[in-house]
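Here the structure comes first, spelled out in structure tokens, and everything after it is commentary.
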Amino acid sequence: MLELRWGPNCETNWGRFTQTVSGGRYSVWVQRQNPDLTVPGYEVTAQAAVNYYSDQAWAPNRPSRACVKKWLGSAWGPDVCTAWIT
7 MLELRWGPNC ETNWGRFTQT VSGGRYSVWV QRQNPDLTVP GYEVTAQAAV NYYSDQAWAP
67 NRPSRACVKK WLGSAWGPDV CTAWIT
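This note's numbering puts the sequence shown at residues 7 to 92.
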């Protein structure tokens with residue numbers, strides 16, 4: 007499960023990724039629009055039911071989204087992202 011999270015006190019967004027099965031290498035990050043910003047992702051080897059988080063992006067009233075991709079052994083798979091949310 008991939009979610010975009012919001013902290014109203016610090017006006018930041020971050021991604022939270024939770025895998026249902028163990029195994030697999032993933033990268034999770036957050037993006038902001040206007041001005042554009044992609045926060046570098048964390049690479050993790052997922053364990054079932056453990057939450058993994060991206061760094062935070064300051065994004066008051068700016069569309070943001072969380073993204074994740076999986077390592078396929080020789081290359082990264084396609085980006086999977088939430089919708090842009092304000």
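Ideal Cβ placement from N, Cα and C applies to all residues, glycine included.
Counting the other CB atoms within 10 Å of its CB gives Asn57 a total below 16, which places it among the exposed residues. By the 16-neighbour rule on beta-carbons within 10 angstroms, Trp20 is buried.
Around Thr44, the same chain offers Trp35 and Gln37 as residues with beta carbons nearer than 7 angstroms, after the five sequence neighbours per side are excluded. When the five nearest sequence neighbours on each side are left out, the beta carbons in the same chain lying within less than 7 angstroms of the beta carbon of Ile91 are those of Leu10, Pro69, Ser70 and Arg71, in order along the chain. Under the 10 Å beta carbon count, Gly47 is surrounded by 16 or more other beta carbons and is classified as buried. Distance from the CA of Pro14 to the CA of Ala81, rounded to the nearest whole angstrom, comes to 36 angstroms.
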